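There are 2 protein chains.
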Amino acid sequence: MNHRFSDPEIAAVYRAIGERRDMRHFRSDPVDPETLTRLIGAAHLAPSVGYMQPWRFIRIVDPEIRAAIHALAKDEQEKTAEAYGERAETIRKVKLEGIRECGELLVVSLIPDRERYVLGRRTMPEMDICSVACAIQNLWLAARAEGLGVGWVSIFDPDAMAQLLALPQGARPLAVLCLGHVEAFYPEPMLETIGWDKRRDLRTILFHDRWGNEPA
Amino acid sequence: MNHRFSDPEIAAVYRAIGERRDMRHFRSDPVDPETLTRLIGAAHLAPSVGYMQPWRFIRIVDPEIRAAIHALAKDEQEKTAEAYGERAETIRKVKLEGIRECGELLVVSLIPDRERYVLGRRTMPEMDICSVACAIQNLWLAARAEGLGVGWVSIFDPDAMAQLLALPQGARPLAVLCLGHVEAFYPEPMLETIGWDKRRDLRTILFHDRWGNEPA
Numbered sequence: 009m010n011h012r013f014s015d016p017e018i019a020a021v022y023r024a025i026g027e028r029r030d031m032r033h034f035r036s037d038p039v040d041p042e043t044l045t046r047l048i049g050a051a052h053l054a055p056s057v058g059y060m061q062p063w064r065f066i067r068i069v070d071p072e073i074r075a076a077i078h079a080l081a082k083d084e085q086e087k088t089a090e091a092y093g094e095r096a097e098t099i100r101k102v103k104l105e106g107i108r109e110c111g112e113l114l115v116v117s118l119i120p121d122r123e124r125y126v127l128g129r130r131t132m133p134e135m136d137i138c139s140v141a142c143a144i145q146n147l148w149l150a151a152r153a154e155g156l157g158v159g160w161v162s163i164f165d166p167d168a169m170a171q172l173l174a175l176p177q178g179a180r181p182l183a184v185l186c187l188g189h190v191e192a193f194y195p196e197p198m199l200e201t202i203g204w205d206k207r208r209d210l211r212t213i214l215f216h217d218r219w220g221n222e223p224a
Numbered sequence: 009m010n011h012r013f014s015d016p017e018i019a020a021v022y023r024a025i026g027e028r029r030d031m032r033h034f035r036s037d038p039v040d041p042e043t044l045t046r047l048i049g050a051a052h053l054a055p056s057v058g059y060m061q062p063w064r065f066i067r068i069v070d071p072e073i074r075a076a077i078h079a080l081a082k083d084e085q086e087k088t089a090e091a092y093g094e095r096a097e098t099i100r101k102v103k104l105e106g107i108r109e110c111g112e113l114l115v116v117s118l119i120p121d122r123e124r125y126v127l128g129r130r131t132m133p134e135m136d137i138c139s140v141a142c143a144i145q146n147l148w149l150a151a152r153a154e155g156l157g158v159g160w161v162s163i164f165d166p167d168a169m170a171q172l173l174a175l176p177q178g179a180r181p182l183a184v185l186c187l188g189h190v191e192a193f194y195p196e197p198m199l200e201t202i203g204w205d206k207r208r209d210l211r212t213i214l215f216h217d218r219w220g221n222e223p224a
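Here the protein sequences line up with chains A and B, keeping their order.
Number 168 in the numbering used here belongs to position 160 of the first sequence; there are no gaps in the numbering.
Number 144 in the numbering used here belongs to position 136 of the second sequence; there are no gaps in the numbering.
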């Protein structure tokens, strides 16, 4: 039996993968609630280690909490700039207004009490983080197909964020997701456009049998 | 401007998300090399914090190395079973033969020297892990569209794996990926079928403004 999708379906999946961008510029018109539900549903279909489903999504509705999240990000942006020295000005230019402007703001957190999940994690405890990241990638790709942009902001103090959102002891926020309509998707990653770095050649990320052993 | 994909394209993206499975059963016929290159390319289009692209893929070609990876997984499976006590027998039944049977075996690792990447990681160092997980999820969804199964095995000792594959100091393996043709995709997650756990109700993973605050 052939489990291959049709050629147009395959192309659509690759299109979503290729045209997904980490967005920083948003329009502020609202996201349709049914679309939001579909996107959270897509995230919830992600793989998770030991089927632990360690993701929780906090939809920020209160404008004051949104403003407080923006303030946390600005504060950490300045601390990061100071830590970088010569590239400080570039870091100060990374746009965080998306947190204020996007149609929907979501904070994604790990659940507490993860210690009791041992399957696939006894030697690899970070698999819970991997599961949450896979959920976010699902949401991100589905959003791109639906014509919505997503920006994953990790420029914040997780302890301050946990306090702001009353996370229980042991939970840990991993993402502030800006979600919403955009004027245009960037033609290439924004960090490439501003000259921060370039995409590595595909041949340099693939080895055979051992590290550094490039395919013939 | 409307950035929405066409309805059939959107459906294809959701289909890949919904029909992707963590596979443990594989046929052993080979994966077409061009398909493998497309899948690695899809992974490489993932988002990465500070554009660090921290993923490296090691394609296992040598049958002896494949056998050694299988042995590492069996060893850790037994240790996990011992740690679980009453569910030990269930864990011993989790199938790891896919490592021997699948058409392509890949090990995915974090790069070394990640400390020099500070953007988006000063307070959230685990973002490098998130980036690798997003890359794997891209590959996983593209593989499903191409009709190929993927299983993410994290049942191994990462230090022993690092030694086996000559990873440099500071690199860390995150995944053994079994990739290949399958007889059939599971209709639901395998851990649900064997009664390990159930999928949470979507309403229980979404809060408003603060932890535990369920939407009205």
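Heads up, the beta-carbon is just placed ideally off N, CA and C, and yes, glycines get one too.
Quick caveat, the model's predicted, so the values are computed rather than measured.
Exercise for the section: Label Ser162 (chain A) either buried or exposed according to how many other C-beta atoms from any shown protein chain fall within 10 Å of its C-beta, with 16 as the threshold for buried. Expected result: Within 10 angstroms of the beta-carbon of Ser162 (chain A) lie 16 or more other beta-carbons, which makes it buried.
Practice task
Please say whether Leu118 (chain B) and Cys186 (chain B) have beta carbons closer to each other than 8 Å?
Solution key: Against a cut-off of 8 Å, the Cβ pair of Leu118 (chain B) and Cys186 (chain B) comes out as no contact.
Exercise for the section: Assess, as a yes-or-no matter, whether the region 79 to 95 of chain B is touched by the region 20 to 33 of chain B under the definition of 3 or more beta carbon pairs within less than 8 Å. Expected result: Flag = no, the region 20 to 33 of chain B and the region 79 to 95 of chain B do not touch.
Handout entry: Within 7 Å of chain B by C-beta, residues of the region 77 to 103 of chain A in sequence order
Key = For the region 77 to 103 of chain A, the set of residues with a beta-carbon nearer than 7 Å to any beta-carbon of chain B comprises Glu84, Lys87, Thr88, Ala91, Tyr92, Ile99, in chain order.
Problem - Complete alpha helix (DSSP H) runs within the region 65 to 135 of chain A (minimum length 4 residues, chain order) - result: Correct list: 71 to 92, 96 to 101, 106 to 109.
Problem - CB contact flag (Gly157 (chain B), Phe13 (chain B), <8 Å) - result: No. Outside cutoff.
Practice task
Report all residues from its chain with a CB closer than 8 Å to the CB of Tyr194 (chain B); omit the five preceding and five following residues, and keep chain order.
Solution key: Excluding sequence positions up to five before and after Tyr194 (chain B), its CB lies within less than 8 Å of the CB of Arg29, Met31, Thr201, all in the same chain and listed in chain order.
Problem - Backbone CA spacing between Gly178 (chain A) and Glu123 (chain A) [nearest angstrom] - result: Put simply, the backbone Cα of Gly178 (chain A) is about 10 Å away from that of Glu123 (chain A).
Handout entry: Beta carbon proximity, Ala224 (chain A) to chain B, threshold 8 Å
Key = Not closer than 8 Å to any Cβ of chain B, the Cβ of Ala224 (chain A) fails to qualify, so no.
Practice task
Can you tell me which of A:Tyr59, A:Glu109, A:Lys82, A:Cys110 puts its alpha carbon nearest to the alpha carbon of Lys101 (chain A)?
Solution key: When only C-alpha atoms are compared, the closest one is A:Lys82.
Practice task
If I'm right that Phe164 (chain A) touches Val184 (chain A) with Cβ under 8 Å, what's the distance once you round it to whole angstroms?
Solution key: Confirmed, Cβ separation roughly 6 Å.
Practice task
Establish whether the CB of Val39 (chain B) and some CB of chain A are separated by less than 8 Å.
Solution key: Not a single C-beta of chain A is nearer than 8 Å to the C-beta of Val39 (chain B).
Practice task
Enumerate in chain order the residues of its own chain whose CB-to-CB distance from Pro176 (chain B) is below 7 Å, with the five nearest sequence positions on each side excluded.
Solution key: Its chain contains Pro120 as the residues whose beta carbon lies nearer than 7 Å to that of Pro176 (chain B), once the 5 sequence neighbours on both sides are disregarded; these appear in chain order.
Exercise for the section: Tell me whether the beta-carbon of Val21 (chain B) lies closer than 8 Å to the beta-carbon of Val21 (chain A). Expected result: Going by C-beta atoms, Val21 (chain B) is nearer than 8 Å to Val21 (chain A).
Practice task
Grab me the residues of Ala5 (chain A)'s own chain with a C-beta within less than 6 Å of its C-beta, minus the 5 sequence neighbours each way, in chain order.
Solution key: The shown model of chain A, from 9 to 224, leaves out residue 5 (chain A), and the question about it has no answer.
Handout entry: For Val184 (chain B): DSSP bridge partner residues
Key = Its beta-bridge partners are B:Val115, B:Val161.
Exercise for the section: Establish whether the CB of Ile18 (chain B) and some CB of chain A are separated by less than 8 Å. Expected result: Yes, contact with chain A.
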